[in-house]
Every structure is written in structure tokens, then in C-alpha cells.
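Protein sequences, first through last, are from chains C and W. Residues 24 to 297, numbered by the working numbering, are exactly what the first sequence covers, in order. Residues 24 to 297, numbered by the working numbering, are exactly what the second sequence covers, in order. Even glycine gets a Cβ: it sits at the ideal position worked out from N, Cα and C. Every value quoted in this text rests on a predicted model; they were computed, and no experiment measured them. To start, the structure itself, in C-alpha cells.
2 protein chains.
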Amino acid sequence: MISSIAELISDRIGAMPAGERRAAQTLIANYPLTGLKTVAEFSAAAGVSSPTILRFVARLGFQNYPEFQSALQDELAAQLQSPASRTLNPGSAGGAVSPMLEATLDNMRETFRHLTDKQLADIAARLAERRGKTFLIGGRFTDPLARYMAAHLAIIQPDVYHLAGQESIWRDRLIDMGKRDVLVIFDIRRYQESLVRFAEKAHHRGVQIILFTDQWLSPIARFARHVIAGRTAVPSAWDSSAALFVVAETLIGAVTRQLEAAGAKRIRDLESLR
Amino acid sequence: MISSIAELISDRIGAMPAGERRAAQTLIANYPLTGLKTVAEFSAAAGVSSPTILRFVARLGFQNYPEFQSALQDELAAQLQSPASRTLNPGSAGGAVSPMLEATLDNMRETFRHLTDKQLADIAARLAERRGKTFLIGGRFTDPLARYMAAHLAIIQPDVYHLAGQESIWRDRLIDMGKRDVLVIFDIRRYQESLVRFAEKAHHRGVQIILFTDQWLSPIARFARHVIAGRTAVPSAWDSSAALFVVAETLIGAVTRQLEAAGAKRIRDLESLR
DNA sequence: GGAACGCTGTATCTTATGTTACGTATTTTG
DNA sequence: CAAAATACGTAACATAAGATACAGCGTTCC
Numbered sequence: 024m025i026s027s028i029a030e031l032i033s034d035r036i037g038a039m040p041a042g043e044r045r046a047a048q049t050l051i052a053n054y055p056l057t058g059l060k061t062v063a064e065f066s067a068a069a070g071v072s073s074p075t076i077l078r079f080v081a082r083l084g085f086q087n088y089p090e091f092q093s094a095l096q097d098e099l100a101a102q103l104q105s106p107a108s109r110t111l112n113p114g115s116a117g118g119a120v121s122p123m124l125e126a127t128l129d130n131m132r133e134t135f136r137h138l139t140d141k142q143l144a145d146i147a148a149r150l151a152e153r154r155g156k157t158f159l160i161g162g163r164f165t166d167p168l169a170r171y172m173a174a175h176l177a178i179i180q181p182d183v184y185h186l187a188g189q190e191s192i193w194r195d196r197l198i199d200m201g202k203r204d205v206l207v208i209f210d211i212r213r214y215q216e217s218l219v220r221f222a223e224k225a226h227h228r229g230v231q232i233i234l235f236t237d238q239w240l241s242p243i244a245r246f247a248r249h250v251i252a253g254r255t256a257v258p259s260a261w262d263s264s265a266a267l268f269v270v271a272e273t274l275i276g277a278v279t280r281q282l283e284a285a286g287a288k289r290i291r292d293l294e295s296l297r
Numbered sequence: 024m025i026s027s028i029a030e031l032i033s034d035r036i037g038a039m040p041a042g043e044r045r046a047a048q049t050l051i052a053n054y055p056l057t058g059l060k061t062v063a064e065f066s067a068a069a070g071v072s073s074p075t076i077l078r079f080v081a082r083l084g085f086q087n088y089p090e091f092q093s094a095l096q097d098e099l100a101a102q103l104q105s106p107a108s109r110t111l112n113p114g115s116a117g118g119a120v121s122p123m124l125e126a127t128l129d130n131m132r133e134t135f136r137h138l139t140d141k142q143l144a145d146i147a148a149r150l151a152e153r154r155g156k157t158f159l160i161g162g163r164f165t166d167p168l169a170r171y172m173a174a175h176l177a178i179i180q181p182d183v184y185h186l187a188g189q190e191s192i193w194r195d196r197l198i199d200m201g202k203r204d205v206l207v208i209f210d211i212r213r214y215q216e217s218l219v220r221f222a223e224k225a226h227h228r229g230v231q232i233i234l235f236t237d238q239w240l241s242p243i244a245r246f247a248r249h250v251i252a253g254r255t256a257v258p259s260a261w262d263s264s265a266a267l268f269v270v271a272e273t274l275i276g277a278v279t280r281q282l283e284a285a286g287a288k289r290i291r292d293l294e295s296l297r
């Protein structure tokens, strides 16, 4: 069975004319990058003419060059999204548990790889500056994450509200929301219409939205000031929210640190209470 | 110093108009693949128009779109050649994020290292066999985990209840609990007296208790049939529940798989509903 | 509340990319 | 060795890509 284009090439490279073989070797040499460039660049790199490149991809079974490039991109996408955790502790390997854990660890690394310090610091700063109120809400499976975050934030600062219950209930809370306020939304596939509607209305009221979503981006991203895209794919019937959970915890920690650094009175009061 | 385009983006994303910010977020969400596609595809993915994409890359300092793509390809080439550097975003290394993430990943590895497949399989089996009811409850910060687990389990099987609200409310639910029932409790430091009391009473009624706790073990461990001890230490003012969260997700997956394997009618009915 | 500014999308244009046709060179085969 | 078949490159073509001009709209700031 042939799964990757690289395999396909090495499978057929023997039956290729000289020019096309040069093309193949050039592509393999730094796979798959050469294939993502233009035909002209590819041909120049291989030292052959453009038509030879086209005949080469045709021989591989592709209808045209763009189709070939799409295939390469898909392959690359799959590769980038699951870096195939080689760095895993071998002690836990072997069982049925391991694939799940491995995927989760990969998801977290990937999620944070796309997340810079600055982004997180910006979001944390926005959450820490007490200009207005903070609202949190989530979807069917992610609402617990909103609760978790709210439970922590509500301790270190005032005016933190988790929006619970039925749609009509939190829709009425829109009245309280304005430009100075922040709305944290958790929404992963399958995206909930009620949340999108709510986000849109909040956005029109000038509320700044911080969105936790998956890599396919909830439609709410359209209205969001900040978007955190977490990886959710695991070998399970369900998607995993673990990466988003860790981002949430990281943010909670960052906000706490910022408030401490700012010498917030509330924090000192809290410590004296313990 | 800015070395990667991803960094460049997150550096300037704050100063971007809404449309371009959307483009930026879409690109970051699955970086760098979207940037390698055509302007039309990029714009479609981001839900904005082509000119917005072009203005976006112009703002990043590129003369034209091909130049932008070349830069992405160069970056990708460097990454593909040294996979080690790919593990973490160099931008976030050394920052405040990395220690938190590292600690969390370590916690998970450690947690699962002390957790055998058999333990998890036993617990999953206990949750999957539908002899009685399943109750879930958590403490101040861990109750969201109970909710999260309940939200999933309640779908694949009947008689799953999350115990919410005030102590008096769930204390009264004890009446419904018996030998055939399971109680899942989340309790980490500082352990809540109310939960301990509740666990003790449930235990005396013959309820089987599955406890999620930290490595120092909640006093409830005394009454529990199964104990899952997760690592919680992170460089933050708060403890991390992330490891427990992942165990919960793993269990949810395992229970689902067992029910599927058993050919549970409910699972088939569910699938026909979708 | 009005005016200026800036952002965004539609439509048009231009560029350059992929594609194809054809003639020459090279190899293969009888 | 000759003839056929195949491979390859040059050059012209059509298409689709990126770029630009402009008008409408929302936002902000007097």
C-alpha cells in the first residue's frame, strides 16, 4: 500500500526517463518543499524544462500541477498536525492508554507552538486590567472549562461572571455588557448556533471577545478580539478539550501573576485571609 | 528579536484592523499551511476578501504575496531539516509560558506512569456496566471536571447525574444511592470537608466511590474503591487539574469504546440520531 | 451631530503561471 | 546501420493568479 507521495515516487522512479528521474530526485532531496514551488522553479532546481516537470507529475497520476501541489500540502498538513510524539516516556508505552495520552501531549505541544508569549501576555493583560466586567460562557462540552476559569478569576478579581443556564437567561445579561467588558467564550465543533448569536450581539455592543476554539475556528472568530486555537484530535469518539484546558490554566496563572505584580490590594487582602 | 513569521504576526496582531486580524488568526490556527495556498483560498478560509489578505501580508512587510510565500517556505524548510527545533515554538521558549507547559506535560507523564492499563480498564468497566446509577461531584475548583465528565457520560448511558448546587441538595440525593451505584468524586487540596462527609455517608450506603485526587490523596481515599492520583504541581499560584482532566478524558473514551464493543443499543440509537 | 478618517469589499486589470503544440535530439530495436 | 519510437526543450497560448482603483460603510473624533 502506498500512503505518501514520496513512497509513490520511489516506487516508480525506476520506470522513469532520465529527465523525470532528475525531477524525482530533486523533489526527494528536499521533500516536499520543491514541489510546493512553481513549475519554473522546480524545473530550474532539477535542471530540466517545465514540460518535463509536468510530465513527471502526470506520470505520478495527477491530472495537473495544482492537484499535485494540493496532495503535497495535505500530506504536510497531516504531518505538521501530529508530530508523532517520539519523545514520550517509554515507561508508559504499550497499553491502550498510551495513544490517547500521546495524542493529548502532542495536541498541547502543537497548541502552544502556535501561541506566542506575547499573545498570552496580551490576553492576560486584558483580563487583568479592571476596566469593566468579565463574562465567561461555553458550549455543551466546554462550559465546564468556562466554569473552571471563572472559579479562579472570580477569586482574584471582582466582577467575574459565569453565564449559566438557558439561552434566554444569558441573553438578558447582554444589557449589562459594554465596550469596557470582556467576554470569554469556549466553542469547539460542533459549534453552537446559540453561542454564535450571543457572540454577535455582544460584539455589536462593543464587548471584547476572547475565544477558545479548535483549529478549525468557530464562526465566532469573526467577532473575536483574541482567538486561541487548540488541537482537539485524539483517538477517541470525542474531541479533546485538554489543550484548551491547559491554555486556560496558563492564563489563570498569568493573570494572577500580573495582578500580584501590580500589587493589587485584593490579592494582599486574600493572602491575609488565608 | 523576531525570527519567525508567526512571531512577527503575534507581535503586530494587536495593531491590525479586524479583517486583517482575522486573516492572522486563521493563519496562526494552522500555520503555516494556509499561507501556502492561493490568496483566494486564504481569503475564503478567513472569511474576508482577497485584498484584505494582500493588505495583511503588506502590513507584515512583504512586497507581494509570492515574497510572503517564499518566506514561509524558507521557514518550513528550516523546520523540516531540524525536527528538534520544532518541538517548541522558539518564541515561547525561555518565556513565562514554557515552564508552565513543561510542568503540565511532566505532570501528565508522571500521572500516567503510576496508572496501569488495568486500573483504567477496571474503572472504565465499572462505569460501563449499567447495574445502577452514576453520580459525579467535585470540589470548588474541580467541580467543572465532574461536569465535563458527566456531560459526556450522560450521552452514552442513562442514569448519569451531576450533583450540583449546595451541600444540602446533594446530601438529600443520598437516598437514591445504593450498592449498585457509582460515585465519582473530584477532590484536590485543600480538601473540602463537605465532600469528605458526603463520601463517608455514601460509602456507608455501599456506594462504590471512584476518587480523582492529587498525589497527597484526599481523606476520601479511605472510602474509595478506586483512586486516581494526579500530579498538580506547576509554577503558578494555583494547582493544576490538567492531569486529572486528561485521565477523565481517557476514561470517557474507554467507557465509550467498551459500550460500543458491547454493542449497546443506546450507542446505535445515538448514531442513528446524528 | 457632523465631518474626517480608515477599513473593507466589488470589479477591473495585469502579470505570470501552467499548459500544449511542435520540432529536434536521443535512444532503442529490428 | 537504419528506422522507429521515445524523450526533451523551445515557444506560443490560455487561464487563473495576484494586484489595483474605487466606492460604500462604519468608526472615531471634534
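> When we look at the beta-carbon of C:Pro55 and count the other beta-carbons within 10 Å, is it buried (16 or more) or exposed?
Replying inline: On the first sequence, position 32 is the one that residue 55 of chain C refers to. Buried.
> W:Ile198: buried (16+ other C-beta within 10 angstroms of its C-beta) or exposed?
Replying inline: Stepping through the second sequence from its first residue, residue 198 of chain W is reached at position 175. Burial call: exposed.
> At what residues does the alpha helix (DSSP H) containing W:Ile32 begin and finish?
Replying inline: Locating residue 32 of chain W in the second sequence gives position 9, counting from the first residue. That run of the alpha helix (DSSP H) goes 28-35.
> Quick one: Cα of C:Ala252 to Cα of W:Asp145, how far?
Replying inline: Position 229 of the first sequence, counted from the first residue, corresponds to residue 252 of chain C. Position 122 of the second sequence, counted from the first residue, corresponds to residue 145 of chain W. Each residue's Cα considered, the two are about 34 Å apart.
>> Here's a check: name, in chain order, each residue in its chain whose Cβ is nearer than 7 Å to the Cβ of C:Arg154, leaving out the five neighbours to either side.
In response: Walking along the first sequence from the start, residue 154 of chain C turns up at place 131. Arg203.
> Alpha carbon to alpha carbon, what distance is there between W:Lys156 and W:Arg245?
Replying inline: The residue given as residue 245 of chain W occupies position 222 in the second sequence. The residue given as residue 156 of chain W occupies position 133 in the second sequence. Whole-angstrom Cα-Cα distance: 22 Å.
> By Cβ distance, which residues of its chain are closer than 7 Å to C:Glu190, with the 5 residues on each side in sequence left out?
Replying inline: If you number the first sequence from 1, residue 190 of chain C lands on position 167. Once the five neighbours on either side are set aside, the close Cβ partners of C:Glu190 are Ser217.
> Are three or more beta carbon pairs between the region 37-52 of chain C and the region 70-90 of chain C nearer than 8 Å?
Replying inline: yes
>> Excluding the 5 residues flanking C:Gln96 on each side, which residues of the same chain have their C-beta closer than 8 Å to its C-beta?
In response: Looking up residue 96 of chain C in the first sequence gives position 73. If we look at C:Gln96 and ignore the five residues flanking it on each side, its Cβ neighbours are Leu59.
>> Could you compute how far the alpha carbon of W:Met39 sits from the alpha carbon of C:Ile232?
In response: Translated into the one-based positions of the second sequence, residue 39 of chain W becomes position 16. Translated into the one-based positions of the first sequence, residue 232 of chain C becomes position 209. Using only the alpha carbons, I get a separation of about 16 Å.
>> On the DSSP letters alone, give me the boundaries of the beta strand (DSSP E) that C:His137 sits inside.
In response: Taking the first residue of the first sequence as position 1, residue 137 of chain C is located at position 114. First-last for C:His137: undefined, no H or E at that position.
> Does any residue of chain C bring its CB to less than 9 Å from the CB of W:Ile51?
Replying inline: One-based indexing of the second sequence puts residue 51 of chain W at position 28. Cβ-Cβ to chain C under 9 Å: yes for W:Ile51.
> Just the Cα atoms here: how many angstroms apart are C:Ile160 and C:Asp182?
Replying inline: Taking the first sequence and counting its residues from 1, the one referred to as residue 160 of chain C is at position 137. Taking the first sequence and counting its residues from 1, the one referred to as residue 182 of chain C is at position 159. Separation of C:Ile160 and C:Asp182 (C-alpha to C-alpha, rounded to the nearest whole angstrom) is 14 Å.
> Can you list, in chain order, the residues of the region 155-172 of chain W whose Cβ is nearer than 9 Å to any Cβ on chain C?
Replying inline: Arg163, Phe164, Thr165, Asp166, Pro167, Leu168, Ala169, Arg170, Tyr171, Met172
>> Give me the chain C residues within the contact set of W:Arg45, using Cβ-Cβ distance strictly less than 8 Å, ordered along the chain.
In response: In the second sequence, residue 45 of chain W corresponds to position 22, counting from 1. Ordered by position in chain C, the residues that pass the 8 Å Cβ test against W:Arg45 are Ala244, Arg245.
> What residue from C:Ala147, C:Gln102, C:Pro89 has the CA that sits closest to C:Gln281's CA?
Replying inline: Locating residue 281 of chain C in the first sequence gives position 258, counting from the first residue. For C:Gln281, the nearest C-alpha among the options comes from C:Ala147.
> If the cut is a Cβ gap below 7 Å, which residues of chain W does C:Val183 touch?
Replying inline: As a first step, residue 183 of chain C must be located in the first sequence, where it is residue number 160. Neighbours of C:Val183 across chain W, judged by C-beta separation under 7 Å, do not exist; the nearest C-beta is about 14 Å away.
> Which residues of chain W have a Cβ atom closer than 8 Å to the Cβ of C:Ser27, listed in chain order?
Replying inline: The count along the first sequence starts at 1 and reaches residue 27 of chain C at position 4. Residues of chain W passing the Cβ test: none, with the nearest at roughly 14 Å.
>> Using a 10 Å radius around the Cβ and a threshold of 16 neighbouring Cβ atoms, would you call C:Thr110 buried or exposed?
In response: For this step, residue 110 of chain C is matched to residue 87 along the first sequence. Residue confidence is low: C:Thr110 scores 36 on pLDDT, short of 50, so the model does not pin down where it sits. No coordinate-derived value is stated.
> Going by Cα to Cα distance, which pick from C:Gly276, C:Lys141, C:Tyr88, C:Ile51 is closest to W:Leu103?
Replying inline: Residue mapping note: residue 103 of chain W aligns to position 80 of the second sequence, counting from 1. Minimum Cα distance to W:Leu103 is reached at C:Ile51.
> CB-CB under 7 Å to W:Ser263, same chain, minus the five flanking residues each way: which ones, in chain order?
Replying inline: Counted from its first residue, the second sequence places residue 263 of chain W at position 240. Excluding sequence neighbours, W:Ser263 sits near Thr127, Asn130, Thr255, Val257.
> Cβ atoms of C:Ser241 and C:Asp210: under 9 Å apart, would you say?
Replying inline: In the first sequence, counting from the first residue as 1, residue 210 of chain C sits at position 187. In the first sequence, counting from the first residue as 1, residue 241 of chain C sits at position 218. Against a cut-off of 9 Å, the Cβ pair of C:Ser241 and C:Asp210 comes out as a contact.
> Taking the runs of the beta strand (DSSP E) that are 3 residues or longer, which of them lie wholly in the region 210-250 of chain C?
Replying inline: 231-237
> Is W:Tyr54 helix, strand or coil when you go by DSSP?
Replying inline: Position 31 of the second sequence, counted from the first residue, corresponds to residue 54 of chain W. In this structure, W:Tyr54 counts as coil in the three-state DSSP scheme.
>> Taking the straight line between their C-alpha atoms, what separation do you get for W:Pro167 and C:Arg170?
In response: The sequence position of residue 167 of chain W within the second sequence is 144, counting from 1. The sequence position of residue 170 of chain C within the first sequence is 147, counting from 1. When rounded, the distance between both Cα atoms is 6 Å.
>> Rounding to the nearest angstrom, what Cα-Cα distance links W:Gly84 and C:His227 in this structure?
In response: Here residue 84 of chain W refers to the residue found at position 61 of the second sequence. Here residue 227 of chain C refers to the residue found at position 204 of the first sequence. Their Cα atoms are separated by approximately 31 Å.
> Is the CB of W:Asp145 under 9 Å away from at least one CB in chain C?
Replying inline: Here residue 145 of chain W refers to the residue found at position 122 when the second sequence is read from its first residue. No, because no Cβ of chain C sits closer than 9 Å to the Cβ of W:Asp145.
> Is W:Glu133 buried or exposed, if buried means 16 or more other CB atoms sit within 10 Å of its CB?
Replying inline: Locating residue 133 of chain W in the second sequence gives position 110, counting from the first residue. So W:Glu133 counts as buried.
> Secondary structure at W:Thr273, three-state DSSP: helix, strand or coil?
Replying inline: As a first step, residue 273 of chain W is located in the second sequence; it is residue number 250 there, counting from the start. DSSP places W:Thr273 in helix when its eight states are reduced to three.
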